[in-house]
Amino acid sequence: MTTHLSHSFSGALRTFSFWIANGTLGQPILEGIDYRFVLSEEPSVLEQLYAVFANVIELDEDGRVLNAKYAERRAAAWLRSYLDRDYTVEPALQDWELALHEPPPRIDPIDR
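Heads up, the sequence shown is in the UniProt record's numbering, so the first residue is 1 and it goes up one at a time.
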């Protein structure tokens, strides 16, 4: 048996992606900062941005997202600290928020 991500999570991920692409992620944390150039020049920055969002977001037992805005703010705060070394993230980001988990296998384990 397989499971799909919830519609709530899918919507949260879609919206997070839109804000990244639109240049409006994490307002007011990134207000006035055009971060999009670094995302195209340093793909690992985009990877880390999504990792923070995915590590922080929480779902209830029915798959409903409970803290999409908080997850967005944490990701935006990380990006701000990456771009502005004088910016301090409060509260400080924890190792679990920054963790880059293993990627999926290069070949899908199920054939569709």
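Yeah, the Cβ is synthetic: ideal placement off N, Cα and C, and Gly gets one too.
Residue i burial status per 10 Å Cβ neighbour count (16 or more: buried)
i, result
"residue 96", "exposed"
"residue 107", "exposed"
"residue 100", "exposed"
"residue 32", "exposed"
"residue 29", "buried"
Contacting residues, own chain, Cβ-Cβ under 7 Å from residue i (five flanking each side not counted)
i, result
"residue 82", "45"
"residue 57", "12, 65, 67, 68, 71"
"residue 104", "none"
"residue 22", "none"
Member of the options whose CA lies at the smallest distance from the CA of residue i
i, options, result
"residue 7", "60, 22, 34", "60"
"residue 37", "79, 62, 5, 15", "79"
"residue 48", "33, 34, 4, 102", "102"
"residue 84", "35, 62, 63", "35"
"residue 9", "62, 110, 43", "62"
Bounding residues of the alpha helix (DSSP H) (the contiguous stretch that carries residue i)
i, result
"residue 7", "7-22"
"residue 67", "Here residue 67 belongs to no alpha helix (DSSP H), and DSSP marks it neither H nor E."
"residue 43", "43-56"
"residue 98", "95-98"
Cβ neighbours of residue i in the same chain (closer than 8 Å, five flanking residues each side left out)
i, result
"residue 88", "81"
Cutoff 6 Å; reference residue i; Cβ partners in own chain excluding five residues on either side
i, result
"residue 25", "19, 76"
Segment contact flag, the segment 71-88 with the segment 46-61, C-beta cutoff 8 Å, min 3 pairs: yes
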